[in-house]
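Numbering (UniProt numbering), first residue to last: 1 to 368. See structure below.
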């Protein structure tokens, strides 16, 4: 068994004068993230140290930092797993990247490359998986991040750094399952046109599918159609959902609806022998309710999806750059991390929030 990477525990808060980096960290499961200057441990042979240019905010950052996914979380906690940056320093064993390369990080910090899932190419399911900010590692709410070379992604030429960081999580979360199950002439239902759904509409359309967007935001019809949807329908009206039953080769659900009948109606949108994909996640103690009879009698394939593999993520970055697929974002300055987090946590942001980290880090002398 391969040795796991050393846990980089940042226990000592530094003064601004002696710090190598500055994070926005949570000191408990309440309150807002606060500035947290700190030093890095010695760079390992296979590590890549990255100057963060842009960081995307994801709702799972809230669930993690508030202790809703892991009640045993320790603090300080610095979340963030949608990172675009440039290489500042590499360990002596790094061969794929050099100083100055444009790179990205996703929610996964480590894959062993030797377990059965890694051998099959499903490294996101690695038996030794470590999340980007698990085990007291600091994530992307920071001016820098240090990650093993095997989990660093190359940002392609022509990629829009200012818009693209959310693709490292939100983008691949919908791209990967759509790519696995699609055919170009398929019909596709995208349920929930939010941070995930508005990207799913774009990817499905660019892959050649005919897309119907299921949403409560019918007043944004023109905007959603510009993303690639041919039609809009209600995601919560039970009678409307009945009229759409069985029409779609692929259904991708970015929501979890507590109303059991509505949630089952989402599943019944799937055509016989079609694929129902669930990517919207509820709090950890909530169980999904499936319409077993409809699924069995219509031979529906039910699929979950956890982000994507390394190869799927790299492919998604290339596809996005080539096809101009990017999220709609609200952009914030580094000092506005608490404001960005609050808007994201309360569901007030329009699709995704991105923080411009590099501008502040360079102005404050942290790029050495």
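By construction, the Cβ of each residue, glycine as well, lies at the ideal position given by its N, Cα and C atoms.
When DSSP states are grouped into helix, strand and coil, residue 162 belongs to the helix group. For residue 215, there is no enclosing alpha helix (DSSP H); the residue is part of the beta strand (DSSP E) that begins and ends at 210-215.
Considering only 201, 37, 208, the residue with the shortest C-alpha distance to residue 223 is 201. Linking residue 277 to residue 191 through their CA atoms gives a straight-line distance of about 10 Å.
Between residue 131 and residue 109, the C-beta gap is smaller than 8 Å, which places the two residues in contact. Within the same chain, Cβ atoms closer than 8 Å to the Cβ of residue 312 are found at 172, 175, 176, 179, the five residues on either side in sequence being excluded. Of 254, 160, 163, the smallest CA-CA separation from residue 198 is found for 254. DSSP places residue 342 within a helical segment (H, G or I) once states are collapsed to three.
DSSP places residue 74 in the coil class of the three-state scheme, outside both helix and strand.
About 6 Å separates the CB atoms of residue 78 and residue 133; that is less than 8 Å, so the two are in contact.
With a threshold of 16 other beta carbon atoms within 10 Å, residue 259 falls short and is exposed. It is roughly 30 Å from the alpha-carbon of residue 62 to the alpha-carbon of residue 113. Beta-bridge pairing by DSSP links residue 148 to 47. For the 8 Å CB-CB criterion, residue 295 and residue 267 form a contact. Here residue 82 is bridged, per DSSP, to 56. When DSSP reads this structure, residue 234 sits in a beta bridge with 215.
As summarised for the segment 104-146, the continuous alpha helix (DSSP H) elements at least 4 residues long and confined to that stretch are 116-119, given in chain order. Contact check for residue 80 against residue 73 fails: the beta carbons are separated by 8 Å or more. Membership of residue 278 in the beta strand (DSSP E) is indicated by the continuous run 270-278. Annotated three-state conformation of residue 62 is helix, per DSSP.
Here the alpha carbon of residue 245 sits roughly 4 Å from the alpha carbon of residue 269.
In this structure, residue 168 keeps its C-beta atom at 8 Å or more from the C-beta atom of residue 121. A Cβ-Cβ separation of about 4 Å places residue 251 in contact with residue 189 under the 8 Å criterion. Here residue 239 is exposed: its Cβ has fewer than 16 other Cβ atoms, across all protein chains shown, within 10 Å.
Non-local C-beta neighbours of residue 358 in its own chain, meaning closer than 6 Å and more than five positions away in sequence, comprise 53, ordered along the chain. Excluding residues up to 5 positions away in sequence, 228, 319, 323, 325 lie with their Cβ nearer than 8 Å to the Cβ of residue 206 in the same chain. Across the set 30, 23, 234, 272, the C-alpha of 23 shows the shortest separation from the C-alpha of residue 38. Residue 210 sits away from residue 21, with the two beta carbons spaced by 8 Å or more.
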